[in-house]
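Visitor:
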Amino acid sequence: MPFETNRDVLDWYDSQPRALTDEFISEIPWDQVNDHPLHDRLIPVLLYMRDIEILTDMYHQELLRTPTGKDPVISKFMERWGVEEITHGELINRFINEAGYETPRSWKDEIKKSVSAYYHTYARLLTTLTNCVGRSFTATHMTYGTINELSAAQSYRRLIEIADHPVLTHILKGIIREESVHTQFYLNVARLELKRSRFARKIARFVIDRFWAPVGSGARSRPLTDYTVGVLFGDSEGVEWIDRLVTDKVRVLPGFDGMNAVTDRIAEVGRRGLNIELGEAV
Ligand SMILES: [Fe+2]
Ligand SMILES: [Fe+2]
622 MPFETNRDVL DWYDSQPRAL TDEFISEIPW DQVNDHPLHD RLIPVLLYMR DIEILTDMYH
682 QELLRTPTGK DPVISKFMER WGVEEITHGE LINRFINEAG YETPRSWKDE IKKSVSAYYH
742 TYARLLTTLT NCVGRSFTAT HMTYGTINEL SAAQSYRRLI EIADHPVLTH ILKGIIREES
802 VHTQFYLNVA RLELKRSRFA RKIARFVIDR FWAPVGSGAR SRPLTDYTVG VLFGDSEGVE
862 WIDRLVTDKV RVLPGFDGMN AVTDRIAEVG RRGLNIELGE AV
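Just so we're aligned, residue 622 is where the sequence shown starts under the working numbering, counting upward by one.
1. By DSSP, does residue 798 sit in helix, in strand, or in coil?
2. Is the separation between the beta-carbon of residue 825 and that of residue 813 shorter than 8 Å?
3. Could you compute how far the alpha carbon of residue 768 sits from the alpha carbon of residue 722?
4. Under the rule that 16 or more other beta-carbon atoms within 10 Å means buried, what is residue 658, buried or exposed?
5. Below 6 Å CB to CB, which residues in the same chain sit around residue 610 once its five sequence neighbours on both sides are set aside?
6. Do the region 707 to 715 and the region 745 to 761 make contact, defined as three or more Cβ pairs closer than 8 Å?
7. Figure out for me which residue from 631, 737, 641 has the closest Cα to the Cα of residue 792.
8. Any idea if residue 651 is buried or exposed, counting beta-carbon neighbours within 10 angstroms, 16 or more meaning buried?
9. Using three-state DSSP, classify residue 842 as helix, strand or coil.
10. If distances are taken between C-alpha atoms only, which option among 736, 872, 889, 844 comes closest to residue 857?
11. Which whole-angstrom value describes the C-beta separation of residue 854 and residue 863, a residue pair presumed to lie in contact below a C-beta threshold of 8 Å?
12. Once you ignore the five residues that flank residue 645 on each side, which residues in its own chain have a CB closer than 7 Å to its CB?
13. Thinking C-beta only, is residue 713 closer than 8 Å to residue 667?
14. Check whether the Cβ of residue 706 sits closer than 7 Å to any heavy atom of ligand 1, and report yes or no.
15. Is it the case that the CB of residue 800 approaches a heavy atom of ligand 2 more closely than 7 Å?
16. With H, G and I counted as helix, E and B as strand and the rest as coil, what does DSSP make of residue 693?
17. Can you have a look at residue 757 and say buried or exposed, based on whether 16 or more other CB atoms are within 10 angstroms of its CB?
18. Is there at least one non-hydrogen atom of ligand 2 closer than 7 Å to the beta-carbon of residue 570?
19. Based on Cα-Cα distance, which residue from 669, 628, 835, 844 lies nearest to residue 901?
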């Protein structure tokens, strides 16, 4: 897709229909959820994924205070993107409930309230630092977004394999289709932004190499983050999966030749996660 401007990428995004239409959602066979076994060890993973989807809104609000969020094209994208991520969280929560695990009625508020004051202070500090760099930081935001969307989609693919549950597979395939469209937006805008300046490339590479961590770390507890990454990518096959389907796709971006940070960090967190018991994660 040869996009020349961010506006072209947005027009493409706007032309993509949603995968999770009302019709798709109304046809999910909830009554069949309990016809298939679901292993207990996957519940914390589903909760983690659900929480990340819902916390997108918090990230969105943080970004609105930066030049990236004030960009008319990116903010227009984020309006629809935010709505889609919430649907993902809602479907996962419903699945958890149908499988027999109750969640509180105010589960969304509780997720938001459970984010530590430390995280909020840290996020505010980051926003201030970002604003000092200014417009050039947009390339970093978009690269981060690319990695997070790619890794979310691959987490769902791994979950489909590990859970082997037909209803979950059906839901996650719909979610993955939307994550793929999000990936295309971030990836193409990142490419354009990185091409614009050497400074933007330098900062983006520096930040990813030094600070990239699996999406949700910091906003969720460390044992839960480690456990989730351990279940999904804790073995050598999982690490290879991330390298081929996430890191390799980022390496083609300007300034990201030979980047290993994502694979290395997932391998490290996943290894730690293998030592965490189910009871410690929740
Ligand atoms: Fe999502
Ligand atoms: Fe997404």
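Idealized CB from N, CA, C, for every residue including glycine. In this text, all values refer to a predicted model and were calculated from it rather than measured experimentally.
Guide: For this structure:
1. Within the sequence shown, the letter at position 177 stands for residue 798. Looking at residue 798 - three-state DSSP - the assignment turns out to be helix.
2. Position 204 of the sequence shown, counting from 1, holds the residue named residue 825. Position 192 of the sequence shown, counting from 1, holds the residue named residue 813. Contact flag unset, no.
3. Walking along the sequence shown from the start, residue 768 turns up at place 147. Walking along the sequence shown from the start, residue 722 turns up at place 101. Those two C-alpha atoms are separated by around 31 Å.
4. Position 37 of the sequence shown holds residue 658. Result: exposed.
5. Given a span of 622 to 903 for the chain in the structure shown, any question on residue 610 remains unanswerable.
6. Contact check between the region 707 to 715 and the region 745 to 761: fewer than three CB pairs, one atom from each, fall below 8 Å, which does not count as touching.
7. Locating residue 792 in the sequence shown gives position 171, where the first residue counts as 1. Of the listed residues, the one whose Cα sits closest to residue 792 is 641.
8. As a position in the sequence shown, residue 651 is number 30, starting the count at 1. Under this definition residue 651 is an exposed residue.
9. Translated into the one-based positions of the sequence shown, residue 842 becomes position 221. Coil at residue 842, not helix or strand.
10. Taking the sequence shown and counting its residues from 1, the one referred to as residue 857 is at position 236. The candidate whose alpha carbon is nearest that of residue 857 is 889.
11. Taking the sequence shown and counting its residues from 1, one reaches residue 854 at position 233. Taking the sequence shown and counting its residues from 1, one reaches residue 863 at position 242. Their Cβ separation, rounded to whole angstroms, is 6 Å, which keeps residue 854 and residue 863 in contact under 8 Å.
12. Position 24 of the sequence shown holds residue 645. Taking residue 645 as the centre and dropping the five residues before and after it, the same chain places the C-beta of 795 closer than 7 Å to its C-beta, in chain order.
13. Translated into the one-based positions of the sequence shown, residue 667 becomes position 46. Translated into the one-based positions of the sequence shown, residue 713 becomes position 92. Between residue 667 and residue 713, the C-beta spacing is below 8 Å.
14. Working through the sequence shown from its first residue, we reach residue 706 at position 85. True, at least one ligand heavy atom lies under 7 Å from that Cβ.
15. Your numbering for residue 800 matches position 179 in the sequence shown. Yes - ligand 2 has a heavy atom lying nearer than 7 Å to the Cβ of residue 800.
16. Position 72 of the sequence shown, counted from the start, is the residue given in the question as residue 693. Three-state result, residue 693: helix.
17. The residue you call residue 757 lines up with position 136 of the sequence shown. Buried.
18. Outside the displayed span of the chain (622 to 903) sits residue 570, for which this structure offers no information.
19. Here the question's residue 901 lines up with position 280 in the sequence shown. It is 844 whose Cα lies nearest to the Cα of residue 901.
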